[in-house]
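Notes follow once the structure below has been shown.
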Amino acid sequence: MTPELGQLALILALLLALAQSVLPLLGAWRGNRALMAVARPAAAGQAVFVALAFAILAWSFLHFDFSVRYVADNSNLELPWYYRIAAVWGAHEGSLLLWILILNVWTVALAIFGRNLPEAFAARVLAVLGLVSVGFLSFTIFTSDPFARLLPMPMNGADLNPVLQDPGMTFHPPMLYMGYVGFSVAFAFSIAALLGGSMEQAWVRQARPWTNAAWGFLTCGIVAGSWWAYAELGWGGWWFWDPVENASFMPWLVGAALIHAQAITEKRGSLRAWTILLSIFAFSLSLLGTFLVRSGVLTSVHAFASDPRRGLYILCFLAVVVGGSLLLYALRAPKVVGGKPFAVVSRETALLVGNLMLAVAAAMVLLGTLFPLLGDALHLGKVSVGPPYFGLLFPLLMTPVVLLLPLGPWLRWGKGDGGLLKGVLARCAVAALACAVVAAFFVHGEPKAILGVAAAVWVGAGVLLYVIKRWREMPRGRRYPAEMAGMLLAHLGVAVFLVGVLLSESLSVTRDVRMAPGDTQTIAGYRFRFDGIKQTVGPNWHAEQATVTVSRDGRPYGTMHPQKRTYPHDRVQTESAVDAGLTRDLYVALGEPMDAGNLQGAWALRLYYKPFVRWIWGGGLFMMLGGFVCACDRRFRGKRVAAAEGTDEAVPLPREARA
Amino acid sequence: MSRLLPFIGFVLLAALLGFGIWWNTGHDPRTVPSPLIDKPAPDFALPELDDPSKTVSKASLLGKPYLVNVFASWCYVCGEEHPVLMTQANRLGVPLVGYNYKDAPGDAKAWLADHGNPYSVVIADRSGRTAMDFGVYGAPETYLIDAKGVIRYKRIGPLTPEVIRQQLEPAIAALKKEAP
Chain A
24 MTPELGQLAL
34 ILALLLALAQ
44 SVLPLLGAWR
54 GNRALMAVAR
64 PAAAGQAVFV
74 ALAFAILAWS
84 FLHFDFSVRY
94 VADNSNLELP
104 WYYRIAAVWG
114 AHEGSLLLWI
124 LILNVWTVAL
134 AIFGRNLPEA
144 FAARVLAVLG
154 LVSVGFLSFT
164 IFTSDPFARL
174 LPMPMNGADL
184 NPVLQDPGMT
194 FHPPMLYMGY
204 VGFSVAFAFS
214 IAALLGGSME
224 QAWVRQARPW
234 TNAAWGFLTC
244 GIVAGSWWAY
254 AELGWGGWWF
264 WDPVENASFM
274 PWLVGAALIH
284 AQAITEKRGS
294 LRAWTILLSI
304 FAFSLSLLGT
314 FLVRSGVLTS
324 VHAFASDPRR
334 GLYILCFLAV
344 VVGGSLLLYA
354 LRAPKVVGGK
364 PFAVVSRETA
374 LLVGNLMLAV
384 AAAMVLLGTL
394 FPLLGDALHL
404 GKVSVGPPYF
414 GLLFPLLMTP
424 VVLLLPLGPW
434 LRWGKGDGGL
444 LKGVLARCAV
454 AALACAVVAA
464 FFVHGEPKAI
474 LGVAAAVWVG
484 AGVLLYVIKR
494 WREMPRGRRY
504 PAEMAGMLLA
514 HLGVAVFLVG
524 VLLSESLSVT
534 RDVRMAPGDT
544 QTIAGYRFRF
554 DGIKQTVGPN
564 WHAEQATVTV
574 SRDGRPYGTM
584 HPQKRTYPHD
594 RVQTESAVDA
604 GLTRDLYVAL
614 GEPMDAGNLQ
624 GAWALRLYYK
634 PFVRWIWGGG
644 LFMMLGGFVC
654 ACDRRFRGKR
664 VAAAEGTDEA
674 VPLPREARA
Chain B
3 MSRLLPFIGF
13 VLLAALLGFG
23 IWWNTGHDPR
33 TVPSPLIDKP
43 APDFALPELD
53 DPSKTVSKAS
63 LLGKPYLVNV
73 FASWCYVCGE
83 EHPVLMTQAN
93 RLGVPLVGYN
103 YKDAPGDAKA
113 WLADHGNPYS
123 VVIADRSGRT
133 AMDFGVYGAP
143 ETYLIDAKGV
153 IRYKRIGPLT
163 PEVIRQQLEP
173 AIAALKKEAP
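Top line first, the protein sequences correspond to chains A and B. Our numbering applies: residue 24 is where the first sequence begins, and numbers increase by one. Our numbering applies: residue 3 is where the second sequence begins, and numbers increase by one.
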């Protein structure tokens, strides 16, 4: 009975979503305040019913209700309770429900915090979010019902994909969805502005914290996913340019561009059309990501259940949402343009170049992701562009971004101060060169590693110099407003990330070896001794666990226990052993026994030494933190609507600077 | 007009995605045929596993169609595939060449001794360099090469009775028909 209540809750939520989208739009059009006022209560009601449906699905998992097909497919009696909760979003139907729940959380938050928006505008924003919700709710109800019954009821369920039975993976989808869905707020603001035919800078200011927070969540989700791939897949890689990864990376790139475009539009009023276009793109790419993952159009190492019928639905939805908004943009954008002119050397130009590069990079990733499809369509045969394509083009496109990054804060809006800039450029360049020369001795002349050090110091020095300058020139309490602190943190994150990527890529040592008990291997000064295999059991798996003793310079260093786990239904999952460190990771993955009959004999092992690999995720975490800190800025709360048009909080006036 | 460009771009993209859905209803997206299909097999000359002084080359195998099965003792899936080869290899009517991939000769010999040897000859590629020319993704893989030395069929992953019945046997039958 309870699952039917869940279904009912979803249907009621759909009806409320329809009310939330249609009535306020009519109201805003006709100037009817009663109809506009429907938006808030409808959004709240919808959220209640969606939360109820979600809770009921979780309850079904906790109570092993295997008469629900989704529960039977994704859990069993041995699955621990925390993974039964995670199983709610472990497959297609439930993850859609999570998507909708998060959309509702964002909508309700906006309904609460957006009280000081003009009535008609707020009504339109909530209505657009309601429309998105209608699309997803009807998709769930008509093609992917999580509450469908399974008769006769099985005694035990299948299992949650063992790949997902990992703490990192448990939080990966919700974080990612927080990001994807968060871009819907900026999207709704833009569509509402296009519908209303005007775009106030104050509205953009209110949209900014949502974009920053969404981007922070997306960063967190991507970092979690990357960390998980590294720890679990046993290949020691952290990014594979896989279609599913690309699906989350494209909105991230466009989101990063959008953050900067919104800053320009809010402060200067310029580039309104570009900001609108980017916010449409960011959300469209989030939808496209869902499409790519769920439709089975592209194959990927992430083998999700896919279904062409669902793909067709999402495509139609995509066509309506994205096609409709781009058409609206084409018709209405001329109405909202405006802003101030800016010089060639100005912060606008720097941000715009960075913006274009990020957008082009997203387009490049899109092209590479869809290339196999293009190959089919144009009868070029099965082609796929792999890491070589991305590995060549992405760094190329990001080089100008990295070069411009430390300069952004030093440039002034409208026009630049060439003299000040030259000094900063020179100091950054000297620091980068000096560090590169020193580093060259430590990295045995490896060019990529030297480049990594130089690039990171270039970015880092620019950020630090700016931190010092603010410290010296601004009175206490006004030195680092949250918006700026967030920006500096995120930019510092880029420097940390660069160290991680370039050093770990160039200095890693990998060894595929066959080891019998007692055999040793030495890489990068660490001696690994294989001490044999023993059996272990976990809550719902059993495993062969190797003992690998590590020593350095003859002194014992530690013991590592890579596992090969077998989950119910003979699903095998490697569990690598990682000894994490600030400057290097040691990584051991257990392969196969050389002789399947003799587990005590020799095994295939993969040993890795990965210097600075942790900095990759560290950089990501800095960027995430930057997004969140920035979103907390008091200026965005909308109380002081009269703020800062034309004034410039980020850069002190040159007179002060020289004083 | 320029403001319509994003919309036009999206229409093209949507058309492509729609095509993708239509295409996948008729095709299995997981078959990734090698770019070498219907191209001549790369020239190779590799030592025999049992007697490294003898080499087997592409030239020495010309004249008759044959199968090349990439395997290794360290490869878990090869162990699953092996019983299928043991029972079906001599039914196929073409020689089955074992291609021992990145393996220690001792391990490979012990593995074949334990599990049986379905191959008419086994060649060893310890470095994996020739396998790169073949475009080997990993073991197991199987190539069907015709009398002129052209790759006609490729299977990535293990051969199963269904794959043999539905794909490999028709491909071999087609070759036999071509032959005078």
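Note that CB positions come from ideal geometry on N, CA and C, so glycine has one too.
Let me check understanding here. Comparing Cα to Cα, which of the options lies closest to residue i?
i: residue 600/A; options: 467/A, 219/A, 632/A; result: 632/A
i: residue 45/A; options: 146/A, 101/A, 128/A, 353/A; result: 146/A
i: residue 135/B; options: 45/B, 96/B, 154/B, 20/B; result: 45/B
i: residue 57/B; options: 63/B, 48/B, 65/B, 16/B; result: 48/B
i: residue 129/B; options: 8/B, 168/B, 83/B, 106/B; result: 106/B
i: residue 136/A; options: 400/A, 226/A, 245/A; result: 226/A
i: residue 546/A; options: 524/A, 573/A, 562/A, 278/A; result: 573/A
i: residue 378/A; options: 297/A, 110/A, 164/A, 187/A; result: 297/A
i: residue 112/B; options: 76/B, 10/B, 92/B; result: 76/B
i: residue 465/A; options: 271/A, 424/A, 526/A; result: 526/A
i: residue 371/A; options: 548/A, 480/A, 291/A; result: 291/A
i: residue 164/A; options: 60/A, 33/A, 103/A, 112/A; result: 33/A
i: residue 374/A; options: 436/A, 143/A, 83/A, 520/A; result: 436/A
i: residue 240/A; options: 549/A, 467/A, 197/A, 86/A; result: 197/A
i: residue 116/B; options: 618/A, 642/A, 648/A, 644/A; result: 618/A
i: residue 341/A; options: 304/A, 87/A, 355/A, 354/A; result: 304/A
i: residue 221/A; options: 190/A, 35/A, 143/A; result: 143/A
i: residue 219/A; options: 162/A, 351/A, 186/A; result: 351/A
i: residue 483/A; options: 493/A, 522/A, 131/A, 497/A; result: 522/A
i: residue 66/A; options: 53/A, 607/A, 42/A, 295/A; result: 42/A
i: residue 214/A; options: 345/A, 133/A, 128/A, 171/A; result: 345/A
Looking only at its chain, what residues have a beta carbon closer than 8 Å to the beta carbon of residue i, apart from the 5 residues adjacent to it on each side?
i: residue 24/A; result: none
i: residue 122/A; result: 159, 200, 203, 204, 313
i: residue 176/A; result: 89, 90, 95
i: residue 118/B; result: 84, 88
i: residue 623/A; result: 540, 555, 556
i: residue 604/A; result: 637
Strictly by DSSP, which residues pair up with residue i?
i: residue 153/B; result: 147/B
i: residue 102/B; result: 73/B, 126/B
i: residue 48/B; result: 58/B
i: residue 333/A; result: Note: residue 333/A sits in no beta bridge, so no partner.
i: residue 172/A; result: 91/A
In chain order, what residues of the same chain lie with their CB nearer than 7 Å to the CB of residue i, ignoring the 5 residues before and after it?
i: residue 162/B; result: 86
i: residue 249/A; result: 261, 262, 640
i: residue 106/A; result: 183, 188
i: residue 236/A; result: 205, 650, 651, 654
i: residue 490/A; result: 511
i: residue 172/B; result: none
i: residue 138/B; result: 72, 103
CB-CB under 6 Å to residue i, same chain, minus the five flanking residues each way: which ones, in chain order?
i: residue 595/A; result: 589
i: residue 280/A; result: 301, 378, 381, 382
i: residue 8/B; result: none
i: residue 326/A; result: With a pLDDT of 39 at residue 326/A, under the threshold of 50, the modelled position of this residue cannot be trusted, and the question is left open.
i: residue 109/A; result: 193
Within 8 Å: the Cβ of residue i and any heavy atom of the ligand GTP?
i: residue 415/A; result: You won't find the ligand GTP in this model; it holds no ligand whatsoever.
Q: Report yes or no: do the region 282 to 289 of chain A and the region 211 to 231 of chain A share at least 3 C-beta pairs separated by less than 8 Å?
A: With a cut-off of 8 Å, the region 211 to 231 of chain A and the region 282 to 289 of chain A count as touching, because enough Cβ pairs lie within range.
(Q) Count Cβ pairs between the region 624 to 632 of chain A and the region 651 to 659 of chain A that sit closer than 8 Å; are there 3 or more? (A) The region 651 to 659 of chain A and the region 624 to 632 of chain A do not touch, with fewer than three beta-carbon pairs separated by less than 8 Å.
Q: Output the residue ranges of the alpha helix (DSSP H) runs that lie fully inside the region 450 to 506 of chain A and measure 4 residues or longer, sorted by chain position.
A: Listed in chain order, the complete alpha helix (DSSP H) runs (minimum 4 residues) inside the region 450 to 506 of chain A are 470 to 496.
Q. Which ranges does the beta strand (DSSP E) cover as unbroken runs of at least 3 residues, wholly within the region 598 to 649 of chain A, from first to last along the chain?
A. If we require 3 residues or more, the beta strand (DSSP E) runs fully inside the region 598 to 649 of chain A come out as 600 to 602, 607 to 616, 626 to 634.
Q) At a cut of 8 Å, does the region 500 to 518 of chain A reach the region 550 to 563 of chain A through at least three beta carbon pairs? A) The answer is no - the region 550 to 563 of chain A does not touch the region 500 to 518 of chain A, with fewer than three Cβ pairs under 8 Å.
Q. So does the region 59 to 71 of chain B actually touch the region 139 to 154 of chain B, counting three or more Cβ pairs closer than 8 Å?
A. A contact between stretches requires three or more CB pairs, one per stretch, nearer than 8 Å, and the region 59 to 71 of chain B meets this requirement with the region 139 to 154 of chain B.
Q: At 3 residues or longer, and completely inside the region 540 to 596 of chain A: list those beta strand (DSSP E) runs for me, N to C.
A: List check, beta strand (DSSP E) in window: 543 to 546, 549 to 560, 565 to 575, 578 to 583, 586 to 590.
Q. How about the region 242 to 259 of chain A and the region 333 to 340 of chain A: do they share at least three Cβ pairs that are nearer than 8 Å?
A. The region 242 to 259 of chain A makes no contact with the region 333 to 340 of chain A; the number of CB pairs closer than 8 Å stays below 3.
Q) Can you list, in chain order, the stretches of the beta strand (DSSP E) that have 3 or more residues and sit fully within the region 344 to 410 of chain A? A) For the region 344 to 410 of chain A, there is no continuous beta strand (DSSP E) assignment of 3+ residues that stays within its boundaries.
Q) For the region 25 to 65 of chain A, which segments carrying the alpha helix (DSSP H) assignment without a break, of at least 4 residues, lie completely within its bounds, in sequence order? A) Counting whole runs of 4 or more residues, the region 25 to 65 of chain A contains the alpha helix (DSSP H) stretches 25 to 53, 56 to 59.
Q) For the 8 Å Cβ check, are there 3 or more pairs between the region 60 to 80 of chain A and the region 111 to 131 of chain A? A) Taking a cut-off of 8 Å on C-beta distances, the region 60 to 80 of chain A touches the region 111 to 131 of chain A, as three or more cross pairs fall below it.
Q. Quick check: the region 208 to 220 of chain A against the region 99 to 118 of chain A, are there 3 or more CB pairs under 8 Å?
A. No, because fewer than three Cβ pairs between the region 208 to 220 of chain A and the region 99 to 118 of chain A fall closer than 8 Å, the two stretches do not touch.
Q) Pairing CB atoms from the region 92 to 111 of chain B with CB atoms from the region 16 to 23 of chain B, are three or more of them under 8 Å? A) The region 92 to 111 of chain B, when compared against the region 16 to 23 of chain B, does not touch it at the 8 Å Cβ threshold.
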